[in-house]
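Just so you know, we're using the working numbering here: the sequence shown kicks off at 132 and counts up by one.
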Amino acid sequence: MGIPVTVLMPTLAPLAKVSRCRAFGANVVIHGANIGEAKLLAETDPEFAGLQYINGYDDPEIVAGAGTMGLEILEQLPEADFVVIPCGGAGLLAGSALAIKTLKPTCRVIGVEPKRCASFLAALEAGEPVAAPTTPTLADGLAVPTVGGNAFLVAREYADDIEQVGEHEIALAMLRLIESEKLVVEGGGAAGLAAILPGGPLHQEVQGKRVVVPLCGGNIDTTTLGRVIDRGLAADERLVRFVAQVSDQPGGIAGLTKLLADEGGSIKDIYHERAWLQTSISNVQAKVILETTGKEHAERIKAKLEEKYAICWQPTTALDNEDPIDVYSHESEPAQPKAAVGDNNAPLGPVSESDGGSDTRIVP
Numbered sequence: 132m133g134i135p136v137t138v139l140m141p142t143l144a145p146l147a148k149v150s151r152c153r154a155f156g157a158n159v160v161i162h163g164a165n166i167g168e169a170k171l172l173a174e175t176d177p178e179f180a181g182l183q184y185i186n187g188y189d190d191p192e193i194v195a196g197a198g199t200m201g202l203e204i205l206e207q208l209p210e211a212d213f214v215v216i217p218c219g220g221a222g223l224l225a226g227s228a229l230a231i232k233t234l235k236p237t238c239r240v241i242g243v244e245p246k247r248c249a250s251f252l253a254a255l256e257a258g259e260p261v262a263a264p265t266t267p268t269l270a271d272g273l274a275v276p277t278v279g280g281n282a283f284l285v286a287r288e289y290a291d292d293i294e295q296v297g298e299h300e301i302a303l304a305m306l307r308l309i310e311s312e313k314l315v316v317e318g319g320g321a322a323g324l325a326a327i328l329p330g331g332p333l334h335q336e337v338q339g340k341r342v343v344v345p346l347c348g349g350n351i352d353t354t355t356l357g358r359v360i361d362r363g364l365a366a367d368e369r370l371v372r373f374v375a376q377v378s379d380q381p382g383g384i385a386g387l388t389k390l391l392a393d394e395g396g397s398i399k400d401i402y403h404e405r406a407w408l409q410t411s412i413s414n415v416q417a418k419v420i421l422e423t424t425g426k427e428h429a430e431r432i433k434a435k436l437e438e439k440y441a442i443c444w445q446p447t448t449a450l451d452n453e454d455p456i457d458v459y460s461h462e463s464e465p466a467q468p469k470a471a472v473g474d475n476n477a478p479l480g481p482v483s484e485s486d487g488g489s490d491t492r493i494v495p
């Protein structure tokens with residue numbers, strides 16, 4: 132159309148997203164640690180004075196356009212019982228919820244946001260959009276510290292509920308999509324699926340229901356994708372780690388590796404150290420990262436190892452779930468009890484897992 136466009140993105144924006152925007156001819160400006168800081172620059176920098184600012188998640192026309200997704204969902208699957216939608220700035224949730232609930236009030240529309248940027252929940256609790264504590268997340272596309280004002284008013288009225296998912300669930304959802312659907316979906320786009328998989332907050336509720344999960348976003352760098360796959364494998368116990376105490380005599384390590392090979396495990400990494408072991412001088416600690424076929428296989432290998440070696444299985448440290456530095460502008464805080472949409476004083480309890488099945492439709 133020949134219209135000049137300037138796009139502002141935070142420093143955490145995937146390189147794939149930046150390069151594609153530039154390939155379309157956009158002037159891309161990288162600024163700020165999160166979308167909120169990039170938005171502030173767009174609104175205040177004199178360089179952009181005179182340009183028409185379009186908020187990517189709160190502009191009324193953007194929200195209305197998002198509603199067309201809701202129309203298409205009901206057109207293709209009018210019998211849908213649930214639609215589970217990723218939520219960042221809340222524009223997609225607001226537009227789609229308005230369309231779906233207008234045409235089919237009995238269909239439940241649920242928003243899903245990352246625990247590390249629970250801005251919609253923060254807005255519900257405050258009664259208006261407020262800046263939420265934000266830390267790095269795989270769902271970088273949903274890391275909007277403050278939901279849009281227009282989007283919030285609409286989504287609060289029409290969405291049935293809001294749920295949160297952690298990094299573990301997001302990584303596993305991305306892995307499932309790659310392996311089962313042959314789809315590369317970014318963390319934010321996979322948040323809806325993360326909520327309904329076993330261990331997710333909606334898993335039990337959607338059993339036996341017809342569920343639609345939009346997969347909205349495929350902007351992920353290949354280097355990040357590799358790390359996400361490893362995290363997904365670890366969450367699935369197809370990648371495990373352990374420490375075993377073995378003999379430091381010739382053949383000591385060989386005996387350990389033979390046992391692992393006989394049990395069908397594949398060593399991805401192995402390292403041994405002597406200096407910090409406080410027992411016999413003739414022993415050594417072998418630290419192993421092992422590939423397995425899944426939880427049951429990993430448990431069988433663990434049992435075999437325990438018959439012969441002193442082991443520490445899946446050792447963890449306090450740093451495994453800590454960010455050494457907050458690269459965003461807000462400090463992280465403990466997760467707060469969740470309030471239901473439309474009822475800021477109604478915390479919901481945990482949802483247990485179920486082995487039942489559901490008819491789930493994913494929409495790329």
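All residues carry an ideal CB built from backbone N, CA and C; glycine is no exception. All of these numbers come straight from a predicted model, not from anything done at the bench.
So, with DSSP's three-state summary, where would you put A147? helix
Apply the 10 Å Cβ neighbour rule to C218 and answer buried if 16 or more other Cβ atoms are within range, or exposed otherwise. buried
Own chain residues within Cβ distance below 6 Å of G167, not counting five before or after: P276, T277
Can you list, in chain order, the residues of its chain whose CB lies under 7 Å from that of A147, leaving out five sequence neighbours each side? N350, I351, D352
Cα-Cα separation, D189 to A221: 8 Å
DSSP bridge partner residues for H403 (one or two, in chain order): A417
Pick from S378, F155, L202, C248: whose alpha carbon is nearest that of E298? C248
Tell me whether M132 sits in a helix, a strand or coil according to DSSP, three-state version. coil
Per DSSP, what are the beta-bridge partners of N158 in this structure? T137
Going by DSSP in three states, A366 sits in which element: helix, strand or coil? helix
State yes or no: is the C-beta of G242 within less than 7 Å of the C-beta of A290? yes
Measuring straight from C-alpha to C-alpha, what distance separates R151 and T137? 13 Å
The segment 336-351 in contact with the segment 304-320 per 3-pair CB rule at 8 Å: yes
Give me the Cβ distance between Q445 and F373, rounded to the nearest whole Å; I'm assuming they're in contact under 8 Å. 7 Å
Going by C-alpha to C-alpha distance, which of I134, L308, I420 sits closest to C443? I420
Quick check on this structure: which residue in P135, I432, L143, E422 has the alpha carbon closest to the alpha carbon of P267? L143
Same chain, Cβ closer than 7 Å to K435, five either side skipped, listed in chain order: L390, E394
Cutting at 8 Å between CB atoms, please list the residues of its own chain near P145, excluding the five before and the five after it. D271, E317, N350, I351, D352, T355
Using 8 Å as the Cβ pair cut-off and three pairs as the minimum, do the segment 373-387 and the segment 405-413 touch? yes
Answer with buried or exposed for N165, where buried requires no fewer than 16 other C-beta atoms within 10 angstroms of its C-beta. buried
What did DSSP end up calling D292 once you bin it into helix, strand or coil? strand
T237, buried or exposed, once every other Cβ within 10 Å from all chains shown has been counted against 16: exposed
I'd like the span of the beta strand (DSSP E) that includes A441, first residue to last. 441-444
With three or more C-beta pairs closer than 8 Å as the rule, is the segment 300-311 touching the segment 193-205? no
Counting along the chain, where does the alpha helix (DSSP H) carrying I384 start and finish? 383-393
Coil, strand or helix - I351 by DSSP: coil
Please check the pair V149 and V344, which I expect to be a contact at CB under 8 Å, by giving their CB distance rounded to whole angstroms. Contact flag wrong, Cβ pair sits at about 27 Å.
Could you check if M305 is buried or exposed, using at least 16 other CB atoms within 10 Å of its CB as the buried criterion? buried
Identity of the residues DSSP links to P217 by a beta bridge: V243
Is I231 helix, strand or coil when you go by DSSP? helix
Looking at K399 and E422, is the spacing between their C-beta atoms short of 7 Å? yes
Cα-Cα, which of E178, G196, P177 is closest to N186? G196
T447, buried or exposed, once every other Cβ within 10 Å from all chains shown has been counted against 16: exposed
For my contact list, L346 and G320 are in at a C-beta cut-off of 8 Å; report their separation, rounded to the angstrom. 5 Å
Taking Cβ positions, are D176 and R341 nearer each other than 7 Å? no
Under 6 Å Cβ to Cβ from R239, same chain only, skipping five residues before and after it: list those, please. F213, D291
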